[in-house]
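Residue numbers are given in our numbering: position 109 of the sequence shown equals residue 122, and the series is strictly consecutive.
All residues carry an ideal CB built from backbone N, CA and C; glycine is no exception.
Have a look at the structure below, then the notes.
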Amino acid sequence: MATLLYSATASLDGFIAGPGGDMSWLTEHLTGPDPTVERLLDRVGALLVGARTFGGDDPNRGTDREGAFGGRYHGPVVVLTHRPAAQAPPGVTFAGDLHDAVARARAAAGDGYVNVLGADVARQCIEAGLLDEVLLFFAPVLLGDGVRVLDHPGGTQVRLEPLPGETAHWYRVR
14 MATLLYSATA SLDGFIAGPG GDMSWLTEHL TGPDPTVERL LDRVGALLVG ARTFGGDDPN
74 RGTDREGAFG GRYHGPVVVL THRPAAQAPP GVTFAGDLHD AVARARAAAG DGYVNVLGAD
134 VARQCIEAGL LDEVLLFFAP VLLGDGVRVL DHPGGTQVRL EPLPGETAHW YRVR
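This is the structure:
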């Protein structure tokens, strides 16, 4: 069964997007190959994406690097939304229920990873006990405001343990 992984690049003060979902800050920090990203990209079988992320800002908009993983991901995408478009773009499926979206993404990913994109979808997956792993990359910038890596006011503590042999910020949800 596919592993459900939330991965994101964050500022050192814990934001994955600036105010209003602005991602332009990230462009200068996407500076070339990263062995962890390469390993992950080889194993991603599907994306599970929130509606705001799917329709939101892209630091590479209008370039050949637009899209997930700098435009290098070309596979199935499941978008969790209560307002699906009348017609889905090729390779995109809309789902209105978290459990249905996860099931569709896991089926599409096979034995690979379902990479969760979007802090709200990651929060929902944690609350439902569905998230298996978390991988964070950090950019040397302080944004001061925006979309937090994970915002779970009043939530309960979630214990993580480092994955043996992986980068310093790749964890298994306990």
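The Cβ-Cβ distance between Val-90 and Leu-60 falls below 8 Å.
When DSSP states are grouped into helix, strand and coil, Pro-175 belongs to the strand group.
With a threshold of 16 other beta carbon atoms within 10 Å, Glu-146 meets it and is buried.
One Cα belongs to Ala-121, the other to Val-127, and the distance between them is close to 9 Å. By the beta-carbon neighbour count (other beta carbons within 10 angstroms, threshold 16), Thr-169 is exposed. The shortest C-alpha to C-alpha distance from Asp-55 to any of Ala-81, Gly-125, Pro-103 is the one to Gly-125. Pairing Pro-32 with Gly-159, the inter-Cα distance amounts to about 4 Å. With a cutoff of 8 Å on beta-carbon distance, Val-105 and Phe-82 are scored as not near each other.
Annotation for Leu-43: no alpha helix (DSSP H) segment contains it, and DSSP assigns it neither H nor E.
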